[in-house]
Amino acid sequence: MAASEENSALFPIFILTIMAIPSVPYTVMKLCHAASKKSKSIHCNCSECSRSGKYRKSIFKRISKFSTWSNVTLILLWAVMIFLVFYIKNMSREIQVFDPYAILGLEPGALDSEIKKNYRRLSVQYHPDKNPDPEANNYFVEFITKAYQALTDPISRENYEKYGHPDGRQGFKMGIALPQFLLDIDGASGGILLLWIVGVCILLPLVIAVIYLSRSAKYTGNYVMHQTMSAYYYFMKPSLASSKVMEVFIKAAEYMESPVRRTDNEPLQKLFMSVRSELNLDLKNIKQEQAKFWKQHPALVKTELLIQAQIDEDGCYTTNFPGTWMAETLQLGLLNSLNVLFRLFLSVQGRQQKIARKKVRTFEDFHDMTLQERAELLEQVAGFSSAEVQDVEMVLEMMPSVTVEVRCETEGEEGIQEGDPVTVQAWITLKRANGLVGALPHAPNFPFHKEENFWFLLADLTSNDVWFSQKVNFMDEAAAITGASKTIEDTMEGSGASVRETSAAVREAVERVRSGSRLVMGKFPAPAEGNYNLTCYCLCDSWIGCDKKTGLKVKVLKRTRAGTRGGLVSEEGPVAEDGIEEEEENEEEEYDDDYESEYSEDEEDEKDSKKKGASANGKVHKKGSSSESSSGSDEE
Numbered sequence: 001m002a003a004s005e006e007n008s009a010l011f012p013i014f015i016l017t018i019m020a021i022p023s024v025p026y027t028v029m030k031l032c033h034a035a036s037k038k039s040k041s042i043h044c045n046c047s048e049c050s051r052s053g054k055y056r057k058s059i060f061k062r063i064s065k066f067s068t069w070s071n072v073t074l075i076l077l078w079a080v081m082i083f084l085v086f087y088i089k090n091m092s093r094e095i096q097v098f099d100p101y102a103i104l105g106l107e108p109g110a111l112d113s114e115i116k117k118n119y120r121r122l123s124v125q126y127h128p129d130k131n132p133d134p135e136a137n138n139y140f141v142e143f144i145t146k147a148y149q150a151l152t153d154p155i156s157r158e159n160y161e162k163y164g165h166p167d168g169r170q171g172f173k174m175g176i177a178l179p180q181f182l183l184d185i186d187g188a189s190g191g192i193l194l195l196w197i198v199g200v201c202i203l204l205p206l207v208i209a210v211i212y213l214s215r216s217a218k219y220t221g222n223y224v225m226h227q228t229m230s231a232y233y234y235f236m237k238p239s240l241a242s243s244k245v246m247e248v249f250i251k252a253a254e255y256m257e258s259p260v261r262r263t264d265n266e267p268l269q270k271l272f273m274s275v276r277s278e279l280n281l282d283l284k285n286i287k288q289e290q291a292k293f294w295k296q297h298p299a300l301v302k303t304e305l306l307i308q309a310q311i312d313e314d315g316c317y318t319t320n321f322p323g324t325w326m327a328e329t330l331q332l333g334l335l336n337s338l339n340v341l342f343r344l345f346l347s348v349q350g351r352q353q354k355i356a357r358k359k360v361r362t363f364e365d366f367h368d369m370t371l372q373e374r375a376e377l378l379e380q381v382a383g384f385s386s387a388e389v390q391d392v393e394m395v396l397e398m399m400p401s402v403t404v405e406v407r408c409e410t411e412g413e414e415g416i417q418e419g420d421p422v423t424v425q426a427w428i429t430l431k432r433a434n435g436l437v438g439a440l441p442h443a444p445n446f447p448f449h450k451e452e453n454f455w456f457l458l459a460d461l462t463s464n465d466v467w468f469s470q471k472v473n474f475m476d477e478a479a480a481i482t483g484a485s486k487t488i489e490d491t492m493e494g495s496g497a498s499v500r501e502t503s504a505a506v507r508e509a510v511e512r513v514r515s516g517s518r519l520v521m522g523k524f525p526a527p528a529e530g531n532y533n534l535t536c537y538c539l540c541d542s543w544i545g546c547d548k549k550t551g552l553k554v555k556v557l558k559r560t561r562a563g564t565r566g567g568l569v570s571e572e573g574p575v576a577e578d579g580i581e582e583e584e585e586n587e588e589e590e591y592d593d594d595y596e597s598e599y600s601e602d603e604e605d606e607k608d609s610k611k612k613g614a615s616a617n618g619k620v621h622k623k624g625s626s627s628e629s630s631s632g633s634d635e636e
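Residue numbers (the UniProt record's numbering): 1 to 636.
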């Protein structure tokens, strides 16, 4: 084994290697990602948006954007690696080949007289009797003496010519790349080394994994606690009274983790007095009700009081205004900066004779015009300046164009029958003139960055009923790829497709998402038999004139398939063996009839809600509830 000093010298090389293995590939990946990143801005660059100031980045924001944890960690790693490189370069010694002529200061082929002469001269300089320095003594014994023997002694010369050293074959030295303090502790280095390996390589990753798994096991896929989901699932009933909504809402397990301090008692007492009238307390037994309220968990008391106070404070702004009107007004307030285009269309409608066979009635008509035609229209008809024309073009480049591909089917079956769980699958593709997929809308008067959202609706205009709805966002491409891949994979595996077909379908879905499409998929129970002319809407909450509407014909057949499908029971299906299915069905019906939630208004409301739920047709119900009005087939 090599000496401990040599082993300690190898430790910086070991650390440098361990740090370089992850740092170099990660740095290359970051640089490639930064080089391939699109340089186009995702927000509008018109003059009004530029003057708004919300898109301006200060020096602090630019530094904070770059100073992420990953970037700072990467810079520190490279700084340590550069330091280690210089440290190793300065401390490393090159392995020198034993050359007796060079040691004695002679040229190859020198005579014996010259060898002896130089040996005497070096002996006077390095001999222990002449020079008491230990390093000089070591150099004299290890190098000068052996070099003289290699050139004068026949055996030493033979060893030197054969093995390259006057002492003959040299042994091979191996070192351990550990610091010296782990190798020079009087025989205890083995235990310390073992503890270090076990602690760092086994125990530390195990502890981190246990902590991560214990924390992540409490949450669902959307970062909601399992306890919260089970509580809401149990208490959320169709007959839930509106006065009990707050009591159900505060039962979320996340609120139990909120800190409760003794100093909060006095502020909470004052807050209780201000919102006491909104806490649904029985005024006849107010003292008992108050005592019962304060006996709850302190975190629940604090949460209910704070939420109730916040609701009351926000409610003062909307007391005299209907909620629907307020929502529509706020949405339209985001679009007041489009008054320029409104003024354009008003001018066009009043002065159409100046437009040579051009009738612009919608944004789509205006968007389909060429750049030259739009500029001529804006300058001559609307009286825009060149700067305003340029602003309009910038806004048009940001405006999205949406196409919708939708279909409805029953998985694994031909046709749709009454009560079947119908799967709706829609691909929504977005394109912009500037090539971006995710972008921020033109809203200079909105104080913050406005998120661009779309809503997919599948509705029946005849019955004025929405069958399915889902929010669509084009900003998070990674989440869209993950969701589409998982959905397509589950669908293909459920249909019995092969592994190759599933992989091809997943790859196709990923490519569609990267090209600007988003997958929307959901289920709803099939309504009664008949032909339905449905309408698919793709509505945008940030742009006027970007909504898309397509028609979809759905034919629902009379139930001819026997048995149950997806939890929907056929009335005249075949009798189950030994009456097991009938008994289970009767037990479920008795349980539903006898069960009464503590948050229900009364028994009559519950019965009415059940009747309405049973007569509802074609609606998406929560918690897997489905319509029971499907009719069976008359088998002869």
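Glycine is no exception: its CB is placed at the ideal position from the N, C-alpha and C atoms.
The structure displayed is predicted, hence computed values, not measured ones.
Nearest in C-alpha terms to S23, of all of D264, I75, F60, L151, is I75. Following the DSSP letters along the chain, one finds V466 inside the beta strand (DSSP E) bounded by residues 465-473. Pairing A150 with P100 gives a Cβ-Cβ distance under 7 Å. Under the three-state reduction of DSSP output, E501 falls in the helix class. In this structure, the alpha-carbon of L306 lies about 11 Å from that of P267.
Here the alpha carbons of F272 and F446 stand approximately 36 Å from one another. Here P298 has V260 as same chain residues with Cβ atoms under 6 Å from its own Cβ, once five neighbours each way along the sequence are excluded. Nearest C-alpha to T502 among E511, E489, A35: E489. With fewer than 16 other CB atoms across the displayed protein chains lying within 10 angstroms of its CB, F60 is exposed. C-alpha of E529 to C-alpha of W455: approximately 28 Å in a straight line. Distance from the CA atom of K548 to the CA atom of L461, rounded to whole angstroms, is 15 Å. Scanning T550, P525, F524, A526 for the CA closest to the CA of T535 turns up T550.
One thing to note: I250 has its Cβ within 7 Å of the Cβ of E304. At a Cβ-Cβ threshold of 7 Å, F143 and I103 count as neighbours.
In this structure F448 is not in contact with L458, their Cβ atoms being roughly 32 Å apart against a cut-off of 8 Å.
Per DSSP, the unbroken alpha helix (DSSP H) holding Y148 starts and ends at 145-152.
In chain order, E397, M398, M399, P400, S401, A439 place their CB closer than 8 Å to the CB of R432, counting only its own chain and leaving out the 5 sequence neighbours on each side. Distance from D541 to N453 at the Cβ level is roughly 5 Å; contact confirmed, criterion being Cβ atoms closer than 8 Å.
When DSSP states are grouped into helix, strand and coil, Y212 belongs to the helix group. Put simply, of V510, D365, V392 the residue whose alpha carbon is nearest the alpha carbon of G545 is D365. Between the alpha carbons of N280 and S243 lies a gap of roughly 7 Å. Here DSSP, grouped into helix, strand and coil, assigns V260 to coil.
A Cβ-Cβ separation of about 14 Å leaves P444 out of contact with S41 under the 8 Å criterion. One thing to note: N90 has its Cβ no nearer than 7 Å to the Cβ of L106. Between T429 and S517, the C-beta gap is smaller than 7 Å, which places the two residues in contact. Going by DSSP, T550 is part of the beta strand (DSSP E) stretching over 548-557. About 5 Å separates the CB atoms of Q425 and M521; that is less than 8 Å, so the two are in contact. Around the beta carbon of W543, a 10 Å sphere encloses 16 or more other beta carbons of the protein chains shown; the residue is thus reported as buried. Linking K116 to Y163 through their CA atoms gives a straight-line distance of about 24 Å. Between A480 and V506, the C-beta gap is not smaller than 7 Å, which leaves the two residues out of contact. Nearest in C-alpha terms to K270, of all of A291, Y232, D282, A309, is A309. Within the DSSP bridge table, the entry for Q425 names R407, M521 as partners. A straight-line Cα-Cα distance of about 21 Å links R374 and P441.
Nearest to T403 by C-alpha distance, out of D282, D476, C538, I211, is C538. Distance check between A147 and each of A382, G168, P128, A253 places G168 closest, using alpha-carbon atoms only.
In terms of Cβ geometry, L378 and F384 form a close pair [threshold 7 Å].
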